[in-house]
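Asker:
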Amino acid sequence: MLQSIVDLEHNRHVDLCNAAEIVNIRKLGDIFAMTWRWLPLLDSMVDTLMSRDSDSQIIPREEDAVREWLASDRMFHIMRDHPWHCRFIVGCCWGVKINQDRTTIVTAAEKLFSENHQHVYDYDQKLLDRLVWPIAKTNLVAHDSYCCESIGFSKPFPTKRQGGLFIGYRAVPSEELRGPCPEKCRPQNVTSSDWNHC
Numbered sequence: 001m002l003q004s005i006v007d008l009e010h011n012r013h014v015d016l017c018n019a020a021e022i023v024n025i026r027k028l029g030d031i032f033a034m035t036w037r038w039l040p041l042l043d044s045m046v047d048t049l050m051s052r053d054s055d056s057q058i059i060p061r062e063e064d065a066v067r068e069w070l071a072s073d074r075m076f077h078i079m080r081d082h083p084w085h086c087r088f089i090v091g092c093c094w095g096v097k098i099n100q101d102r103t104t105i106v107t108a109a110e111k112l113f114s115e116n117h118q119h120v121y122d123y124d125q126k127l128l129d130r131l132v133w134p135i136a137k138t139n140l141v142a143h144d145s146y147c148c149e150s151i152g153f154s155k156p157f158p159t160k161r162q163g164g165l166f167i168g169y170r171a172v173p174s175e176e177l178r179g180p181c182p183e184k185c186r187p188q189n190v191t192s193s194d195w196n197h198c
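For the sequence shown, the positions run 1 to 198 when this note's numbering is used.
(1) Helix or strand or just coil, what does DSSP make of Ala142?
(2) Do Pro201 and Pro156 have their C-beta atoms closer together than 7 Å?
(3) Starting from Ile78, follow the beta strand (DSSP E) in both directions and report where the run begins and ends.
(4) Let me confirm a value: Asp144 is counted as buried when at least 16 other C-beta atoms fall within 10 Å, else exposed. Which label applies?
(5) Compare the beta carbon distance of Ile89 and Ile98 with 7 Å and say whether it is the shorter of the two.
(6) Helix, strand or coil: how does DSSP classify Val96 here?
(7) Report yes or no: do the segment 72 to 92 and the segment 137 to 154 share at least 3 C-beta pairs separated by less than 8 Å?
(8) Candidates Arg87, Leu112, Arg37 and Phe76: which alpha carbon is nearest Leu131's?
(9) For the alpha helix (DSSP H) that Ser114 lies in, which residues bound it at each end?
(10) Of the choices Ala108, Gln100, Leu140 and Met34, whose alpha-carbon is the least far from that of Val66?
(11) Should the segment 47 to 66 be called in touch with the segment 159 to 171, which here means at least 3 C-beta pairs below 8 Å?
(12) What does a CB cutoff of less than 6 Å around Glu176 pick up in its chain, not counting 5 residues either side in sequence?
(13) Does the beta-carbon of Ala33 have 16 or more other beta-carbons within 10 angstroms, so that it is buried, or is it exposed?
(14) Can you tell me where the beta strand (DSSP E) holding Ser150 begins and where it ends?
(15) Does the beta-carbon of His85 have 16 or more other beta-carbons within 10 angstroms, so that it is buried, or is it exposed?
(16) If you draw a straight line from the alpha carbon of Trp36 to that of Met50, how long is it in whole angstroms?
(17) Between the alpha carbons of Leu28 and Glu68, how many angstroms are there, rounded?
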């Protein structure tokens, strides 16, 4: 892990910072740690944010979905790649092109960080549902392999799943997906049984 961080630091396009210092400098108070990954929303030098869990691996399927979103004119990107991802925005699988409407994004982020945060499971998700989803739902690319019927506003992933891996996967074998995805969440122009798992 340390070598990965060192390797990252030598890329011109990556800026590593101490999130605890940002919390103190901006006098943000006692914010829920799961929301720290969204602090770049307040940074005027950041044009695009992709929110991920630090313990999940980036897989080719994710890269393909992100490329498709970046090539679009849509501001938000949401990925739902597991049955547990059936919510509007998943904290570990979304992105925003801040530079498309910086004022609106910063205003939402300031509200998000100015609240008295609860330190309970799922609080970060509730903040996203309340403060980000109303902005995102009309200007997004949502790739969805399980929740397309219940949430809508989505399309299939551009590439099929490899093995049981999913976006947000933490390299724990018990997490691998084994069951098929709903037919309506599969690409409509593909008839191959290879897409049974989306």
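In this text, a Cβ means the ideal position worked out from N, Cα and C, and glycines have one as well. Quantities reported herein were computed from a predicted structural model and do not represent experimental measurements.
Answerer: According to the structure data:
(1) Counting from 1 along the sequence shown, the entry for residue 142 is found at position 142. Ala142: strand per DSSP, three-state reduction.
(2) Any answer about residue 201 is impossible in this case: the structure gives the chain only from 1 up to 198.
(3) Numbered from 1 along the sequence shown, position 78 holds the residue referred to as residue 78. Per DSSP, Ile78 belongs to the beta strand (DSSP E) from Phe76 to Arg80.
(4) Sequence index remark: in the sequence shown, residue 144 carries index 144 (1-based). Counting Cβ neighbours within 10 Å, Asp144 comes out buried, since at least 16 surround it.
(5) Here residue 89 is taken as the residue at index 89 of the sequence shown, counted from 1. Here residue 98 is taken as the residue at index 98 of the sequence shown, counted from 1. Contact: no.
(6) The sequence position of residue 96 within the sequence shown is 96, counting from 1. It is a strand residue.
(7) The segment 72 to 92 and the segment 137 to 154 touch, with no fewer than 3 CB-CB distances between them shorter than 8 Å.
(8) Numbered from its first residue, the sequence shown carries residue 131 at position 131. If we check each option's Cα against that of Leu131, Leu112 comes out closest.
(9) Counting from 1 along the sequence shown, the entry for residue 114 is found at position 114. Element bounds for Ser114: Arg102 to Ser114.
(10) Taking the sequence shown and counting its residues from 1, the one referred to as residue 66 is at position 66. Val66 has its Cα closest to that of Leu140, out of Ala108, Gln100, Leu140 and Met34.
(11) Counting C-beta pairs with one atom in each stretch, the segment 47 to 66 and the segment 159 to 171 have three or more that are closer than 8 Å, which means they touch.
(12) Residue numbering aside, residue 176 sits at position 176 when the sequence shown is read from its first letter. In the same chain as Glu176, and ignoring 5 residues on each side of it, the C-beta atoms closer than 6 Å to its own belong to Gly164, in chain order.
(13) Looking up residue 33 in the sequence shown gives position 33. Burial check for Ala33: the Cβ neighbour count within 10 Å stays below 16, so the residue is exposed.
(14) Locating residue 150 in the sequence shown gives position 150, where the first residue counts as 1. Where Ser150 is concerned, there is no enclosing beta strand (DSSP E), although the alpha helix (DSSP H) it sits in stretches over Cys148 to Ile151.
(15) By one-based count along the sequence shown, residue 85 stands at place 85. Flag for His85 reads buried.
(16) Counting from 1 along the sequence shown, the entry for residue 36 is found at position 36. Counting from 1 along the sequence shown, the entry for residue 50 is found at position 50. Cα-Cα distance, rounded: 13 Å.
(17) By 1-based counting over the sequence shown, the position of residue 28 is 28. By 1-based counting over the sequence shown, the position of residue 68 is 68. Going by the C-alpha atoms only, they are around 34 Å apart.
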